[in-house]
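Enquirer:
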Amino acid sequence: MYALADCNNFYATCERVFQPRLASKPIIVLSNNDGCVVARSQEAKDLGIRMGQPVFQCRDVIRANDVVVRSSNYALYEDMSRRVVSSILNFIPDVEIYSIDEVFFDLPPVVDCDPEILCRKIQSTVLQWTGVPVSIGIGPTKTLAKLANRVAKKDPLVGSVYRFPNHDLDRRRVLAATPIEEVWGIGRQWGKRFKQIGVDTALGVVQMRTTDIRSHFNVTVMRTAMELSGTPCQNLESAPVQRRSLVRSRSFGRMVTRWGHMSQAIASHAIRAAEKLRSEGGVAGRLAVFIYTNRFRKDLPQHCVSGSCELLPSTNTTPVILKEATAIGRRLWKQGLQYKKAGVMLSEITFGETQGTLFSDRDYEHDAKLMQVMDRINVKMGSGTLHPAASGLKRCSWSMQQEYRSPRYTSRWGELPKTI
DNA sequence: TCTGGGGTCCTAGGACCC
DNA sequence: TCTGGGGTCCTAGGACCC
Numbered sequence: 019m020y021a022l023a024d025c026n027n028f029y030a031t032c033e034r035v036f037q038p039r040l041a042s043k044p045i046i047v048l049s050n051n052d053g054c055v056v057a058r059s060q061e062a063k064d065l066g067i068r069m070g071q072p073v074f075q076c077r078d079v080i081r082a083n084d085v086v087v088r089s090s091n092y093a094l095y096e097d098m099s100r101r102v103v104s105s106i107l108n109f110i111p112d113v114e115i116y117s118i119d120e121v122f123f124d125l126p127p128v129v130d131c132d133p134e135i136l137c138r139k140i141q142s143t144v145l146q147w148t149g150v151p152v153s154i155g156i157g158p159t160k161t162l163a164k165l166a167n168r169v170a171k172k173d174p175l176v177g178s179v180y181r182f183p184n185h186d187l188d189r190r191r192v193l194a195a196t197p198i199e200e201v202w203g204i205g206r207q208w209g210k211r212f213k214q215i216g217v218d219t220a221l222g223v224v225q226m227r228t229t230d231i232r233s234h235f236n237v238t239v240m241r242t243a244m245e246l247s248g249t250p251c252q253n254l255e256s257a258p259v260q261r262r263s264l265v266r267s268r269s270f271g272r273m274v275t276r277w278g279h280m281s282q283a284i285a286s287h288a289i290r291a292a293e294k295l296r297s298e299g300g301v302a303g304r305l306a307v308f309i310y311t312n313r314f315r316k317d318l319p320q321h322c323v324s325g326s327c328e329l330l331p332s333t334n335t336t337p338v339i340l341k342e343a344t345a346i347g348r349r350l351w352k353q354g355l356q357y358k359k360a361g362v363m364l365s366e367i368t369f370g371e372t373q374g375t376l377f378s379d380r381d382y383e384h385d386a387k388l389m390q391v392m393d394r395i396n397v398k399m400g401s402g403t404l405h406p407a408a409s410g411l412k413r414c415s416w417s418m419q420q421e422y423r424s425p426r427y428t429s430r431w432g433e434l435p436k437t438i
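Under my numbering, the first residue of the first sequence is numbered 19, with each subsequent residue one higher.
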């Protein structure tokens, strides 16, 4: 039996925990650059503000309803997420952290422990210890736990915890009430294709033959269909998975028209990406850089390009990655265009022993020591204290906008909550 | 005027090998 | 006139998730 605990309106909830006066107000949290709505409290959802909607499109609704607007504060959300997980770990030895606001876990088939009762206990404990309300769905597969979670969230009668029913009639009722595109793993596009062949709920999928699903779709969709029928195809992944790629990218606060600014942006992404990779102990075998113009400005010439190179031997050394990234960026750059976004991607990431090379005079031990010193200083004195000058010496026009960020209450001494 | 960032998996098609 | 069969590897693009 699987369970999925999902924090309700997570980012909006985090904003509320330390500012109780926001308790019943509509809240929205914005993406980087304060561009789109990425989280909404229930009140904001009720006002019709959509997920992913550009904030300038809902200015009127915000003003008319006194909606509280926040820039995203990942330092706060990540720390709150960690607290939620550690609360759950008090009851369950092994969990899979699926996302910043979702945790899967196994419920052992113990006779004297009703899974629903245990989950209710977890739910109330998390709320008491962290202030974050969670909904928990229980089912024989992860997909069904996810589906049950949707019921736990939507149906006020079930009190935030819902177990996918055993009884056939109930099961069909719940499946029939789940629109096809809301099944985990089937989004809008697959949903459309299902509707074309006359299937518009989860029940319809369960009633199809597996071979028919395979012929219309791919194996991923087929697995989802099997999970909906109660055959597990996905295990609990409690060991942290080793990543295969890593991206650092940002839209610019203002359009970039000078190579000087672009090279600083690429440099800063390269530096951050390399730093992140070292923190996880990996090395990358390939580096890619991309630069984009503003795809929404149909009136301007578009230039969305990327270039990549092999890193041999695989590396996480900042100066190596920085030099290559800048060179790729320079090749991609076209003067006279207005750029909106740039990013750096590290891929072919490996951990542990790596392939060396015979033909290099680089001193790898020296590199490793230098990076270690730099990382230690930055951990101790704050991120970015020591950095290559290529990323720029002062905040400038391409930096991100974050006008409405709340304090990082739980992770900065200077920003601890105070009573007034 | 203003439109996010970070991942994974699968498939088709092209280039190449013998 | 008639032009094979069996592989691998890589990349781009499309789908999904949060």
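Idealized CB from N, CA, C, for every residue including glycine.
Using the rule of at least 16 other Cβ atoms within 10 Å of the residue's Cβ for burial, across every protein chain shown, is residue 421 buried or exposed?
Expert: Here residue 421 refers to the residue found at position 403 when the first sequence is read from its first residue. Residue 421 comes out exposed.
Enquirer: Using the three-state DSSP reduction, which class does residue 122 fall into: helix, strand or coil?
Expert: As a first step, residue 122 must be located in the first sequence, where it is residue number 104. In the structure shown, residue 122 sits in a strand (DSSP, three-state: E or B).
Enquirer: Return the chain-ordered ranges of every alpha helix (DSSP H) run that is complete within the stretch 97 to 152 and spans a minimum of 4 residues.
Expert: Runs of the alpha helix (DSSP H) inside the stretch 97 to 152: 133 to 148.
Enquirer: Is the distance from the Cβ of residue 24 to the Cβ of residue 153 below 7 Å?
Expert: Counting from one through the first sequence, the residue named residue 24 turns up at place 6. Counting from one through the first sequence, the residue named residue 153 turns up at place 135. Cβ distance < 7 Å, so residue 24 and residue 153 count as in contact.
Enquirer: Between residue 356 and residue 226, how many whole angstroms is the CB-CB distance? I'm expecting something under 8 Å.
Expert: Translated into positions along the first sequence, residue 356 becomes position 338. Translated into positions along the first sequence, residue 226 becomes position 208. Rounded, the Cβ-Cβ distance is 49 Å, inconsistent with contact.
Enquirer: Going along the chain, which residues of its own chain have a beta-carbon closer than 8 Å to the beta-carbon of residue 103, five neighbours each way excluded?
Expert: Counting from 1 along the first sequence, the entry for residue 103 is found at position 85. So the qualifying residues of the chain are 113, 115 and 121.
Enquirer: Residues bridged to residue 361 by DSSP?
Expert: One-based indexing of the first sequence puts residue 361 at position 343. For residue 361, which the question treats as bridged, DSSP gives the partners 267 and 308.
Enquirer: Check whether the Cβ atoms of residue 59 and residue 30 sit closer than 7 Å, and answer yes or no.
Expert: Taking the first sequence and counting its residues from 1, the one referred to as residue 59 is at position 41. Taking the first sequence and counting its residues from 1, the one referred to as residue 30 is at position 12. Taking 7 Å as the Cβ cut-off, residue 59 and residue 30 qualify as a contacting pair.
Enquirer: Who does residue 369 pair with in a DSSP beta bridge?
Expert: Position 351 of the first sequence, counted from the first residue, corresponds to residue 369. According to DSSP, which records beta bridges pairwise, residue 369 is partnered with 300.
Enquirer: Quick check on the burial criterion: 16 or more other C-beta atoms within 10 angstroms. Buried or exposed for residue 259?
Expert: As a working mapping, residue 259 is identified with position 241 in the first sequence. Its Cβ having fewer than 16 others within 10 Å, residue 259 is exposed.
Enquirer: Restricting to runs no shorter than 4 residues, where is the alpha helix (DSSP H) found entirely within the stretch 172 to 254?
Expert: Listed in chain order, they are 186 to 194, 206 to 214, 220 to 224, 228 to 234 and 237 to 246.
Enquirer: How big is the Cα-Cα spacing for residue 76 and residue 337?
Expert: Numbered from its first residue, the first sequence carries residue 76 at position 58. Numbered from its first residue, the first sequence carries residue 337 at position 319. Their backbone Cα atoms lie some 44 Å apart in a straight line.
Enquirer: Starting from residue 347, trace the alpha helix (DSSP H) in both directions and tell me its first and last residue.
Expert: Here residue 347 corresponds to residue number 329 of the first sequence, with the count starting at 1. From DSSP, the alpha helix (DSSP H) with residue 347 extends over 336 to 350.
Enquirer: Inspect the CB distances between the stretch 339 to 347 and the stretch 302 to 309 and report whether three or more fall short of 8 Å.
Expert: Touching, per the Cβ criterion.
Enquirer: Would you call residue 167 buried or exposed, if buried means 16 or more other Cβ atoms sit within 10 Å of its Cβ?
Expert: Here residue 167 corresponds to residue number 149 of the first sequence, with the count starting at 1. By the neighbour-count rule (16 or more Cβ atoms within 10 Å), residue 167 is buried.
Enquirer: Do you know whose CA, among 72, 219 and 92, lies nearest residue 195's CA?
Expert: Mapped onto the first sequence, residue 195 falls at position 177. The shortest Cα separation from residue 195 among 72, 219 and 92 belongs to 219.
Enquirer: Within 6 Å: the Cβ of residue 424 and any heavy atom of the ligand SAH?
Expert: Summarising the ligand content, the structure contains no ligands, and the ligand SAH is consequently not present.
Enquirer: Short check: CB of residue 83 to CB of residue 424, under 7 Å?
Expert: Numbered from 1 along the first sequence, position 65 holds the residue referred to as residue 83. Numbered from 1 along the first sequence, position 406 holds the residue referred to as residue 424. For residue 83 and residue 424, no; Cβs fall outside 7 Å.
Enquirer: Between the Cα of residue 99 and those of 87, 118, 279 and 430, spot the shortest distance and give me the residue it belongs to.
Expert: Position 81 of the first sequence, counted from the first residue, corresponds to residue 99. Closest option to residue 99, Cα to Cα, is 118.
Enquirer: Do you know offhand how far residue 61's Cα is from residue 381's?
Expert: Numbered from its first residue, the first sequence carries residue 61 at position 43. Numbered from its first residue, the first sequence carries residue 381 at position 363. Their Cα atoms are separated by approximately 58 Å.
Enquirer: Measure from the alpha carbon of residue 288 to the alpha carbon of each residue in 354, 406 and 426, then state which is nearest.
Expert: Locating residue 288 in the first sequence gives position 270, counting from the first residue. Residue 288 has its Cα closest to that of 406, out of 354, 406 and 426.
Enquirer: Please classify residue 351 as buried or exposed, where buried requires at least 16 other C-beta atoms within 10 Å of its C-beta.
Expert: Position 333 of the first sequence, counted from the first residue, corresponds to residue 351. Classification for residue 351: buried.
Enquirer: How would you write the range of the alpha helix (DSSP H) that residue 388 sits in, first residue to last?
Expert: In the first sequence, the residue the question calls residue 388 occupies position 370. Taken as a continuous stretch (DSSP letters only), the alpha helix (DSSP H) holding residue 388 covers 382 to 399.
Enquirer: Can you tell me whether residue 386 is buried or exposed? The criterion is at least 16 other CB atoms within 10 Å of its CB, across all chains shown.
Expert: For the purposes of this step, residue 386 is taken as the residue at position 368 of the first sequence. Answer is exposed; the Cβ neighbour count stays below 16.
Enquirer: Hey, would you say residue 158 sits closer than 7 Å to residue 299, going by beta carbons?
Expert: Reading the first sequence from its first residue, position 140 is the one you call residue 158. Reading the first sequence from its first residue, position 281 is the one you call residue 299. Contact flag unset, no.
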